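Colleague: Numbering (the numbering used here), first residue to last: 5 to 372. Let me begin by handing over the structure; questions about it come next.
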């Protein structure tokens with residue numbers, strides 16, 4: 005084992021602060037990675053503040069981060085896919101059983117025994133796994149991904165969650181040239197959905213409640229922008245969409261979008277509203293339409309997405325921050341005050357000194 009610097013929260017109300025965690029020395033199949041950048045996902049905030057306790061209670065202390073890009077520094081004796089110096093990524097999973105039907109189909113994201121990058125039982129060290137808000141991680145080579153050399157590492161980091169979360173349903177539902185695709189919401193997920201759908205050749209329509217996002221949506225690749233509160237604009241698109249990607253996590257009327265699908269069209273939810281959504285069954289029945297959900301993708305599909313990004317020069321639009329600004333970034337995230345994803349420069353962690361008890365008390369009081 006070795007010690008690594010990290011940022012962790014010790015309770016739902018405490019700020020993230022500097023700490024030291026233990027990492028395992030690489031086993032035969034392991035890859036040790038120096039973390040260069042780590043994206044900030046809204047699920048990091050939910051987990052840190054224990055807002056998903058009904059789904060999974062947060063274990064403390066928690067080190068978040070599952071959008072990791074870094075350099076390989078050491079590999080185990082059995083590693084054949086990577087070598088020291090390679091630019092690699094780690095997403096939301098670091099292990100699975102490898103034997104279930106889902107794993108055999110390359111769909112590890114559905115494995116009942118998958119191990120999340122953070123806050124999951126750690127079979128190697130005991131306790132729970134720790135994520136990418138740290139200077140290094142050690143991961144089984146099966147869950148390490150190659151990052152194309154032409155991509156900016158800071159902008160590539162959010163591809164490991166925001167990217168694959170939007171790519172997977174677009175591919176599953178056959179979005180290609182000639183399809184008409186809607187993207188609901190233009191945030192961290194939505195802006196990636198627009199970029200991918202455009203690169204896949206679809207006619208892309210962005211739905212937003214904010215007219216001031218029109219110029220940005222067009223810049224990202226949208227062909228049209230519809231202000232969803234404008235009934236006339238919405239009516240004009242009734243029954244015309246092959247596929248709609250809904251990225252909104254706030255409470256909203258999904259029926260308005262279901263009615264925009266043509267026969268056999270699909271709408272997929274990747275946002276996660278906290279309250280159950282009301283679905284009008286006739287909107288689905290009359291057009292044989294379908295409503296589905298989608299999480300991340302498997303390892304094979306995630307690598308496919310990264311390779312596609314390399315071919316098309318796609319990364320997330322980011323704001324790079326030092327790790328010391330993470331608590332401020334969380335507050336800004338709640339206000340949607342970022343275009344469109346934070347990426348932590350983990351080099352900022354190297355100069356961090358170990359916090360004293362007095363330092364931690366002062367930090368806690370300043371955040372209240």
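Built from N, CA and C at the ideal position, the CB exists for glycine as well. Bear in mind the structure is a predicted one, so any value in this text is a computation, not a measurement.
State the DSSP-derived secondary structure class of residue 140, mapped to helix, strand or coil.
Modeller: Along the chain shown, read from residue 1 onward, the residue named residue 140 stands at position 136. Strand.
Colleague: Give me the Cβ distance between residue 98 and residue 88, rounded to the nearest whole Å; I'm assuming they're in contact under 8 Å.
Modeller: On the chain shown, position 94 is the one that residue 98 refers to. On the chain shown, position 84 is the one that residue 88 refers to. That pair is no contact at about 20 Å.
Colleague: State the CB to CB distance for the pair residue 164 and residue 43, rounded to an integer number of angstroms; the pair is presumed to be in contact (CB under 8 Å).
Modeller: One-based indexing of the chain shown puts residue 164 at position 160. One-based indexing of the chain shown puts residue 43 at position 39. Yes, residue 164 and residue 43 are in contact; Cβ-Cβ is about 7 Å, under 8 Å.
Colleague: Please report the residue range of the alpha helix (DSSP H) in which residue 319 lies.
Modeller: Start at 1 with the first residue of the chain shown, and residue 319 comes out as number 315. Run containing residue 319: none; DSSP gives neither H nor E here.
Colleague: Does residue 360 pass the burial test, meaning 16 or more other C-beta atoms within 10 Å, or should it be called exposed?
Modeller: Residue 360 sits at position 356 when you count from the first residue of the chain shown. Because residue 360 carries a pLDDT of 39, less than 50, the predicted location of this residue cannot be relied on, and no value is offered for it.
Colleague: DSSP three-state call for residue 202: helix, strand or coil?
Modeller: Indexing the chain shown from 1 puts residue 202 at position 198. Here residue 202 sits in helix by DSSP.
Colleague: Looking at the secondary structure, which residues open and close the beta strand (DSSP E) in which residue 34 lies?
Modeller: The residue given as residue 34 occupies position 30 in the chain shown. Where residue 34 is concerned, the enclosing beta strand (DSSP E) starts and stops at 34-44.
Colleague: Start and end of the beta strand (DSSP E) containing residue 26?
Modeller: If you number the chain shown from 1, residue 26 lands on position 22. Counting along the chain, the beta strand (DSSP E) containing residue 26 begins and ends at 21-27.
Colleague: On the DSSP bridge assignment, give the partners of residue 271 in chain order.
Modeller: Position 267 of the chain shown, counted from the start, is the residue given in the question as residue 271. Residue 271 pairs with 248 and 295.
Colleague: Return the CA-CA distance between residue 363 and residue 334, expressed in angstroms with no decimal places.
Modeller: Here residue 363 refers to the residue found at position 359 when the chain shown is read from its first residue. Here residue 334 refers to the residue found at position 330 when the chain shown is read from its first residue. Its pLDDT being 45, under 50, residue 363 is placed unreliably by the model, and nothing is read from it.
Colleague: Can the beta-carbon of residue 303 be found less than 8 Å from the beta-carbon of residue 327?
Modeller: As a working mapping, residue 303 is identified with position 299 in the chain shown. As a working mapping, residue 327 is identified with position 323 in the chain shown. No, the Cβ-Cβ distance between residue 303 and residue 327 is not below 8 Å.
Colleague: According to DSSP, residue 10 sits in a beta bridge with which residue or residues?
Modeller: Position 6 of the chain shown, counted from the first residue, corresponds to residue 10. Per DSSP, 23 and 138.
Colleague: Once the 5 residues before and after residue 153 are set aside, which same chain residues still bring their CB inside 7 Å of it?
Modeller: Taking the chain shown and counting its residues from 1, the one referred to as residue 153 is at position 149. Excluding sequence positions up to five before and after residue 153, its CB lies within less than 7 Å of the CB of 91, all in the same chain and listed in chain order.
Colleague: Contact between the region 199-215 and the region 174-182: three or more CB pairs below 8 Å?
Modeller: They touch, by the three-pair rule.
Colleague: The beta strand (DSSP E) that contains residue 228, what's its start and end?
Modeller: On the chain shown, residue 228 is found 224 positions in, with the first residue counted as 1. Run containing residue 228: 228-231, per the beta strand (DSSP E) assignment.
Colleague: How about residue 249 and residue 190: do their beta carbons lie closer than 8 Å?
Modeller: For the purposes of this step, residue 249 is identified with residue 245 of the chain shown, where counting begins at 1. For the purposes of this step, residue 190 is identified with residue 186 of the chain shown, where counting begins at 1. No, they are not a contact pair.
Colleague: Residue 207 bridges to which residues according to DSSP?
Modeller: Translated into positions along the chain shown, residue 207 becomes position 203. Paired residues: 184.
Colleague: In terms of alpha-carbon separation, which member of 53, 40 and 343 lies closest to residue 158?
Modeller: The residue labelled residue 158 in the question sits at position 154 within the chain shown. Cα-wise, what sits closest to residue 158 is 40.
Colleague: Quick one: which unbroken alpha helix (DSSP H) runs of 4-plus residues sit fully inside the region 92-143? Chain order, please.
Modeller: DSSP runs (the alpha helix (DSSP H)) wholly in the region 92-143: 105-108.
Colleague: Taking 8 Å as the cut-off, decide whether the C-beta atoms of residue 160 and residue 73 are in contact.
Modeller: In the chain shown, counting from the first residue as 1, residue 160 sits at position 156. In the chain shown, counting from the first residue as 1, residue 73 sits at position 69. In contact: residue 160 and residue 73 (Cβ atoms closer than 8 Å).
Colleague: Cβ of residue 134 within 8 Å of Cβ of residue 52?
Modeller: For this step, residue 134 is matched to residue 130 along the chain shown. For this step, residue 52 is matched to residue 48 along the chain shown. Result no, Cβ atoms of residue 134 and residue 52 do not sit closer than 8 Å.
Colleague: Is DSSP giving residue 258 helix, strand or coil here?
Modeller: Start at 1 with the first residue of the chain shown, and residue 258 comes out as number 254. Coil, per DSSP.
Colleague: Specify the secondary structure class of residue 281 as computed by DSSP and reduced to three states.
Modeller: Taking the first residue of the chain shown as 1, we reach residue 281 at position 277. Here residue 281 sits in coil by DSSP.
Colleague: Identify whether residue 62 lies in helix, strand or coil by the three-state DSSP scheme.
Modeller: On the chain shown, position 58 is the one that residue 62 refers to. The answer is coil: DSSP assigns residue 62 none of H, G, I, E or B.
Colleague: Mind checking who residue 345 pairs with in its DSSP beta bridge?
Modeller: Position 341 of the chain shown, counted from the start, is the residue given in the question as residue 345. 322.
Colleague: Any chance the region 291-302 sits against the region 262-277, with 3 or more Cβ pairs inside 8 Å?
Modeller: yes
Colleague: What's the call for residue 365, buried or exposed, on a 16-neighbour Cβ count within 10 Å?
Modeller: In the chain shown, residue 365 corresponds to position 361, counting from 1. Summary for residue 365: the model assigns pLDDT 46, below 50, so the residue's position carries little reliability; its value from the coordinates is reported in the next sentence. Taking every protein chain shown into account, the CB of residue 365 has fewer than 16 other CB atoms within 10 angstroms, so this residue is exposed.
Colleague: Using the Cβ count rule (16 or more neighbours within 10 Å means buried), how would you classify residue 166?
Modeller: Here residue 166 corresponds to residue number 162 of the chain shown, with the count starting at 1. The residue in question, residue 166, is buried, as its Cβ has 16 or more Cβ neighbours within 10 Å.
Colleague: Candidates 122, 195, 93 and 255: which alpha carbon is nearest residue 146's?
Modeller: For the purposes of this step, residue 146 is taken as residue 142 along the chain shown, with counting starting at 1. Among 122, 195, 93 and 255, the Cα nearest to that of residue 146 belongs to 93.
Colleague: Considering residue 189, what are the terminal residues of the beta strand (DSSP E) in which it resides?
Modeller: Residue mapping note: residue 189 aligns to position 185 of the chain shown, counting from 1. First-last for residue 189: undefined, no H or E at that position.
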